[in-house]
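In what follows, a single structure is set out as structure tokens and then discussed.
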Amino acid sequence: MASRDDDKQSIPELIYDVGTNVTYRKGRFFGKGGFAKCYEITDTKTGNVYAGKIVSKRLMTKHNQKDKLTQEIAIHRSLNHKNVVGFHGFFEDSQNVYIVLELCRRRSMMELHKRRKALTETEVRYYVRQILLGVVYLHQHRIIHRDLKLGNLFLNDNLEVKIGDFGLAAKIEFDGERKRTLCGTPNYIAPEILNKQGHSFEVDIWSIGCILYTLLIGRPPFETNSLKETYSRIKKCEYKIPTSSQISNSAIKIIRATLQPDPKCRPKVEDLLNSEFLTSGYIPSQLPVSCLTVAPRAD
Ligand code: ADP
Numbered sequence: 001m002a003s004r005d006d007d008k009q010s011i012p013e014l015i016y017d018v019g020t021n022v023t024y025r026k027g028r029f030f031g032k033g034g035f036a037k038c039y040e041i042t043d044t045k046t047g048n049v050y051a052g053k054i055v056s057k058r059l060m061t062k063h064n065q066k067d068k069l070t071q072e073i074a075i076h077r078s079l080n081h082k083n084v085v086g087f088h089g090f091f092e093d094s095q096n097v098y099i100v101l102e103l104c105r106r107r108s109m110m111e112l113h114k115r116r117k118a119l120t121e122t123e124v125r126y127y128v129r130q131i132l133l134g135v136v137y138l139h140q141h142r143i144i145h146r147d148l149k150l151g152n153l154f155l156n157d158n159l160e161v162k163i164g165d166f167g168l169a170a171k172i173e174f175d176g177e178r179k180r181t182l183c184g185t186p187n188y189i190a191p192e193i194l195n196k197q198g199h200s201f202e203v204d205i206w207s208i209g210c211i212l213y214t215l216l217i218g219r220p221p222f223e224t225n226s227l228k229e230t231y232s233r234i235k236k237c238e239y240k241i242p243t244s245s246q247i248s249n250s251a252i253k254i255i256r257a258t259l260q261p262d263p264k265c266r267p268k269v270e271d272l273l274n275s276e277f278l279t280s281g282y283i284p285s286q287l288p289v290s291c292l293t294v295a296p297r298a299d
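Following this line, the structure appears as structure tokens:
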């Protein structure tokens, strides 16, 4: 076991990328994921600020962990879209692998959800439109994210949504390919993954359905106290839209369309952009940051 001091020593205050001759100063700590620690890092020459995702090589002992990080980097570096976390580079030293990412200062939609619970439909349209634009881009590039969840939807200072964390993402290599394996546990896991039937782009539509439900109702659709029970409900597609909830018919329709057990029956991501929910209601071009803590007025 590494002591705390060991840990501190392994990430230097000044991080040097030999390849580009750029030095970054390590700033405040953002959080810790499975293997990664995330810090604010500043390019000492330009003053540009980024999020540095830092993975200790010492912790990547099993060979497939290294392969997974290589795959995450290969996929993420190939992407460039306003609703996908920008990838600015990666490098390594003897201790760590460093990934330089677009900084998302307003954390993720997870923190927003914890604070606000159910959002207004106007807000949901605002966020979901951007999520859909990002996923249209991914699917056009044959990338399945496979772990779309509130914690992977980052927010910048302008509350623009940036899809991040490509740790479980996969590339479809030929038309009609069905993926058979997935190393990891997606949060909003689709029934066809649980049933090991082979899966593709439709798993992201399922996750978008779970995201829509959570944002509109205030809690996830299949949540129970036990994972076993949650998985059993997912396989039966057993969820309820509480009668007490005030959500519109177009919102109910988009949830019902996306949360269907048969992946073939789910709409494509482009169809969702044209759904009644997104086209028949007002979508603001911006939201004030006060929306992170309180509902906007007049909604
Ligand atoms: P995980 O292993 O859970 O996927 P990540 O490495 O994606 O974790 O993220 C670890 C922490 O860093 C999280 O708390 C997340 O909020 C933060 N983080 C990740 N990417 C960014 C970013 N681009 N901007 C700001 N914070 C980030």
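The numbering of the sequence shown is the UniProt record's numbering, which starts it at 1 and goes up by one. The C-beta atom is built at its ideal place from N, Cα and C for all residues, glycine as well.
Original post:
Quick one, are the C-beta atoms of V55 and V97 less than 7 Å apart?
Top reply: Counted from its first residue, the sequence shown places residue 55 at position 55. Counted from its first residue, the sequence shown places residue 97 at position 97. Yes; because the gap between Cβ atoms is below 7 Å, this pair is in contact.
Subject >> Sequence ranges, alpha helix (DSSP H) only - wholly within the segment 190-236, length at least 4 >> reply: Counting only runs of 4 or more residues that sit fully inside the segment 190-236, the alpha helix (DSSP H) segments are 191-194, 202-217, 227-236, in chain order.
**OP:** Output yes or no for whether 7 Å exceeds the beta carbon distance between D43 and Y24.
**Re:** Taking the first residue of the sequence shown as position 1, residue 43 is located at position 43. Taking the first residue of the sequence shown as position 1, residue 24 is located at position 24. Yes, these two residues count as a Cβ contact at 7 Å.
Original post:
Near V294, what residues of its chain come up, given a Cβ to Cβ distance below 7 Å and the 5 sequence neighbours on each side ignored?
Top reply: Taking the first residue of the sequence shown as 1, we reach residue 294 at position 294. Nothing listed; no residue qualifies.
Original post:
Run through DSSP, which three-state label would R155 get?
Top reply: Working through the sequence shown from its first residue, we reach residue 155 at position 155. Note that residue 155 corresponds to Leu in the displayed sequence, not to Arg. If DSSP states are grouped into helix, strand and coil, L155 belongs with the strands.
**OP:** State yes or no: is the C-beta of C183 nearer than 6 Å to some heavy atom of the ligand ADP?
**Re:** Mapped onto the sequence shown, residue 183 falls at position 183. Outside the cutoff, so no.
Original post:
Regarding C38 and the ligand ADP, is the C-beta to nearest heavy atom distance less than 6 Å?
Top reply: In the sequence shown, counting from the first residue as 1, residue 38 sits at position 38. At least one heavy atom of the ligand ADP falls within 6 Å of the beta-carbon of C38.
Original post:
Cβ of F87 versus every heavy atom of the ligand ADP: is any distance shorter than 6 Å?
Top reply: In the sequence shown, counting from the first residue as 1, residue 87 sits at position 87. Not under cutoff, so the answer is no.
**OP:** Could you work out which residue in H139, H88, H81 is closest to I271 when comparing CA atoms only?
**Re:** For the purposes of this step, residue 271 is taken as the residue at position 271 of the sequence shown. The question names Ile, yet the displayed sequence has Asp at residue 271. Closest by alpha carbon: H139.
Subject >> Neighbourhood of G86 by C-beta distance below 8 Å, restricted to the same chain and skipping five residues each side >> reply: Residue numbering aside, residue 86 sits at position 86 when the sequence shown is read from its first letter. Answer for G86: N80, L101, E102, K162, listed in chain order.
Original post:
Any idea what DSSP makes of V85, helix, strand or coil?
Top reply: Reading the sequence shown from its first residue, position 85 is the one you call residue 85. Residue state, collapsed to three classes: coil.
Original post:
When DSSP builds the beta bridges, which residues end up paired with N96?
Top reply: As a position in the sequence shown, residue 96 is number 96, starting the count at 1. DSSP output for N96 lists S56 as bridge partner(s).
**OP:** Give me the Cβ distance between C104 and F29, rounded to the nearest whole Å; I'm assuming they're in contact under 8 Å.
**Re:** Your numbering for residue 104 matches position 104 in the sequence shown. Your numbering for residue 29 matches position 29 in the sequence shown. Contact doesn't hold; Cβ gap of about 15 Å is too wide.
**OP:** Starting from I252, trace the alpha helix (DSSP H) both ways and give me its first and last residue.
**Re:** The residue you call residue 252 lines up with position 252 of the sequence shown. Start and end: 249-258.
Original post:
Any C-beta of chain D sitting closer than 7 Å to the C-beta of T23?
Top reply: The displayed structure is made up of one protein chain only, and chain D is not part of it.
Subject >> Opening and closing residue of the beta strand (DSSP E) in which D17 lies >> reply: Taking the sequence shown and counting its residues from 1, the one referred to as residue 17 is at position 17. Per DSSP, D17 belongs to the beta strand (DSSP E) from 14-17.
**OP:** Figure out for me which residue from P221, F91, G176 has the closest Cα to the Cα of V22.
**Re:** Within the sequence shown, the letter at position 22 stands for residue 22. Out of P221, F91, G176, F91 has the C-alpha closest to the C-alpha of V22.
Original post:
What is the DSSP secondary structure of D271, counted as helix, strand or coil?
Top reply: For the purposes of this step, residue 271 is taken as the residue at position 271 of the sequence shown. Looking at D271 - three-state DSSP - the assignment turns out to be helix.
Original post:
What's the call for E121, buried or exposed, on a 16-neighbour Cβ count within 10 Å?
Top reply: For the purposes of this step, residue 121 is taken as residue 121 along the sequence shown, with counting starting at 1. Flag for E121 reads buried.
Original post:
Is any heavy atom in the ligand ADP found nearer than 6 Å to the beta carbon of L101?
Top reply: Here residue 101 refers to the residue found at position 101 of the sequence shown. Checking the 6 Å criterion, the Cβ of L101 is within range of a heavy atom belonging to the ligand ADP.
**OP:** Name the two residues that bound the continuous beta strand (DSSP E) containing D43.
**Re:** Within the sequence shown, numbered from 1, the residue matching residue 43 stands at position 43. For D43, the enclosing beta strand (DSSP E) stretches over residues 36-43.
Original post:
Helix, strand or coil for L101 per DSSP?
Top reply: Numbered from 1 along the sequence shown, position 101 holds the residue referred to as residue 101. L101: strand per DSSP, three-state reduction.
Subject >> Residue environment, H63, which counts as buried when at least 16 other CB atoms sit within 10 Å >> reply: The residue labelled residue 63 in the question sits at position 63 within the sequence shown. In this structure H63 is exposed. Its beta-carbon is surrounded by fewer than 16 other beta-carbon atoms within 10 angstroms.
Subject >> Per DSSP, the bridge partner or partners of F91 >> reply: Counting from one through the sequence shown, the residue named residue 91 turns up at place 91. According to DSSP, F91 bridges with Y98.
Original post:
Candidates S207, N158, I205, K117: which alpha carbon is nearest N83's?
Top reply: Working through the sequence shown from its first residue, we reach residue 83 at position 83. Of the candidates S207, N158, I205, K117, the one whose C-alpha sits nearest the C-alpha of N83 is N158.
Original post:
For the beta strand (DSSP E) that F30 lies in, which residues bound it at each end?
Top reply: As a working mapping, residue 30 is identified with position 30 in the sequence shown. Segment 22-32, the beta strand (DSSP E) holding F30.
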